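Each residue of the sequence shown is one higher than the one before, counting from 6 in the working numbering. Okay, so here's the structure we're looking at.
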Amino acid sequence: MDRRTLVTLAAAALAPPALAQEKTVERPSRIRHYVIAAKDMDAVCRQLYALLEVEPVAKPPGPEPTLAFGFRTRMIRVGTTLLEVVSPIREKHQLQDFFVERGGDGGFMVVMQTYDDDALLARAAANGHKLAFEIPDFRGQHLMQFDYRTFGSRFEFYKYTPEDNWWGNPLHGDYNDPKAAEDIMGGAVAVPDPAAIARTAAATFLGRLDGSSVRFGDRRIDFTPSGDGPRGLMTLYLKARDRRRVGETATVANVAFRFV
Numbered sequence: 006m007d008r009r010t011l012v013t014l015a016a017a018a019l020a021p022p023a024l025a026q027e028k029t030v031e032r033p034s035r036i037r038h039y040v041i042a043a044k045d046m047d048a049v050c051r052q053l054y055a056l057l058e059v060e061p062v063a064k065p066p067g068p069e070p071t072l073a074f075g076f077r078t079r080m081i082r083v084g085t086t087l088l089e090v091v092s093p094i095r096e097k098h099q100l101q102d103f104f105v106e107r108g109g110d111g112g113f114m115v116v117m118q119t120y121d122d123d124a125l126l127a128r129a130a131a132n133g134h135k136l137a138f139e140i141p142d143f144r145g146q147h148l149m150q151f152d153y154r155t156f157g158s159r160f161e162f163y164k165y166t167p168e169d170n171w172w173g174n175p176l177h178g179d180y181n182d183p184k185a186a187e188d189i190m191g192g193a194v195a196v197p198d199p200a201a202i203a204r205t206a207a208a209t210f211l212g213r214l215d216g217s218s219v220r221f222g223d224r225r226i227d228f229t230p231s232g233d234g235p236r237g238l239m240t241l242y243l244k245a246r247d248r249r250r251v252g253e254t255a256t257v258a259n260v261a262f263r264f265v
């Protein structure tokens, strides 16, 4: 064994594990869309079309697939993010309960994508969080919804297959692009203890903690004090196409839409 071989073997023995064997890094969760609950879906959609400066598309033929679950739905695409408006058709429905608790319309849910559903459930169990409900095969996707009383708003996760064109069909669906906004860059959720909830959300949802905010790539969820007011999804951040609009805010369905 020559000197060069001895040096090579010694270097390999002293190499840290990360160099000796590449470690698989789990991909962070991704914010996919936001849900607004409205008593009058058509009226709220008209306001959103005007705010976003987007032309509505024709309703697809046939019954809406969500009618079987007791609600109507309408999707609007804003860049890579979907904005969904839902409205109940049954007197007894969790959306009706939401209206009572919230005092009317409001931000109902943040919908996210996980690339590893088993790891997500393991982190949730480790942090003491249970699912509000789970559907292993919802239109080909694994659906997992967390209790809104834990995180201030409903956070619903999906393991999408395929990853980039799920049931909302954001890539190839019949959507028009808004003239006012390029994308939705995040939102604010009002909670009693923003710092504590941000910490457990970051740990469970695999985000990057930044004070009382959690970042998921270039998007973020800010946890803000609810005080004596309602909890839940209160604000959405629209990336303005016209940079002169940065700082403007408009309210639709009791949700503040802030141009950033």
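We put the beta carbon where it would ideally sit given N, CA and C, even for glycine. All of these numbers come straight from a predicted model, not from anything done at the bench.
What are the boundary residues of the alpha helix (DSSP H) that includes residue i?
{"i": "Leu211", "result": "Leu211 -> no alpha helix (DSSP H), and no H or E assigned at all."}
{"i": "Leu100", "result": "Gln99 to Arg107"}
{"i": "Thr119", "result": "Neither: Thr119 is in no alpha helix (DSSP H) and is coded neither H nor E."}
{"i": "Phe156", "result": "Tyr153 to Phe156"}
In or out: residue i buried (at least 16 other Cβ within 10 Å) or exposed?
{"i": "Glu161", "result": "buried"}
{"i": "Thr155", "result": "buried"}
{"i": "Asn259", "result": "buried"}
{"i": "Arg224", "result": "buried"}
{"i": "Lys244", "result": "buried"}
{"i": "Thr119", "result": "buried"}
{"i": "Arg144", "result": "exposed"}
{"i": "Asp227", "result": "buried"}
{"i": "Thr256", "result": "exposed"}
{"i": "Phe103", "result": "buried"}
{"i": "Phe264", "result": "buried"}
{"i": "Leu72", "result": "exposed"}
{"i": "Asp233", "result": "exposed"}
{"i": "Leu176", "result": "exposed"}
{"i": "Thr166", "result": "exposed"}
{"i": "Arg250", "result": "exposed"}
{"i": "Trp172", "result": "exposed"}
{"i": "Asp142", "result": "exposed"}
{"i": "Pro199", "result": "buried"}
{"i": "Ala43", "result": "buried"}
{"i": "Ala124", "result": "exposed"}
{"i": "Arg248", "result": "exposed"}
{"i": "Val59", "result": "buried"}
{"i": "Arg95", "result": "exposed"}
At a cut-off of 7 Å, is residue i close to the ligand FMN when judged by its beta-carbon and the heavy atoms of the ligand?
{"i": "Ala127", "result": "Ligands in the displayed structure: none, and consequently the ligand FMN is not present."}
So what does residue i bridge to, in DSSP terms?
{"i": "Val59", "result": "Its beta-bridge partners do not exist; DSSP assigns none."}
{"i": "Glu89", "result": "Val40 and Met80"}
{"i": "Gln52", "result": "Gln52 pairs with nothing; no bridge assigned."}
{"i": "Thr148", "result": "A small fix is needed here, since residue 148 is Leu in this sequence, not Thr. DSSP output for Leu148 lists Ile140 and Tyr163 as bridge partner(s)."}
{"i": "Asp188", "result": "Lys244"}
{"i": "Ala195", "result": "Thr229 and Gly237"}
{"i": "Gly178", "result": "Answer is none; Gly178 lacks a bridge partner."}
{"i": "Arg35", "result": "Gln118"}
{"i": "Gly112", "result": "Ile41 and Leu238"}
Round the Cβ separation of residue i and residue j to the nearest angstrom and send it over; I've been treating them as touching at under 8 Å.
{"i": "Val116", "j": "Val40", "result": "6 Å"}
{"i": "Met46", "j": "Ser92", "result": "4 Å"}
{"i": "Gly75", "j": "His98", "result": "5 Å"}
{"i": "Asp188", "j": "Thr86", "result": "6 Å"}
{"i": "Leu88", "j": "Ala185", "result": "The pair is not a contact, with the Cβ atoms about 13 Å apart (cut-off 8 Å)."}
{"i": "Val219", "j": "Ala201", "result": "About 12 Å; that fails the 8 Å criterion."}
{"i": "Arg79", "j": "Val90", "result": "5 Å"}
For the beta strand (DSSP E) holding residue i, just list the boundary residues, first then last.
{"i": "Asp123", "result": "That residue, Asp123, is in no beta strand (DSSP E); its alpha helix (DSSP H) goes Asp122 to Ala131."}
{"i": "Thr254", "result": "Thr254 to Val257"}
{"i": "Tyr242", "result": "Gly237 to Ala245"}
{"i": "Ile226", "result": "Arg224 to Pro230"}
{"i": "Val251", "result": "Note, Val251: premise wrong, no beta strand (DSSP E); not H, not E."}
{"i": "Ala261", "result": "Val260 to Phe264"}
{"i": "Ser218", "result": "Ser218 to Phe221"}
Count the C-beta pairs between the stretch 47-63 and the stretch 121-131 that are closer than 8 Å, then say yes if the count reaches three, no if not. The way I'd put it, the stretch 47-63 doesn't touch the stretch 121-131; fewer than three beta-carbon pairs between them come closer than 8 Å.
Can you confirm whether the stretch 193-213 touches the stretch 231-240 when touching is taken to mean that 3 or more C-beta pairs between the two stretches lie within less than 8 Å? In short, these stretches touch, since the Cβ pair count reaches three.
Does the stretch 175-192 come close enough to the stretch 133-152 to have 3 or more Cβ pairs within less than 8 Å? The stretch 175-192, when compared against the stretch 133-152, does not touch it at the 8 Å Cβ threshold.
Would you check if there are 3 or more beta carbon pairs closer than 8 Å linking the stretch 211-218 to the stretch 31-38? Yes, the stretch 211-218 is in contact with the stretch 31-38.
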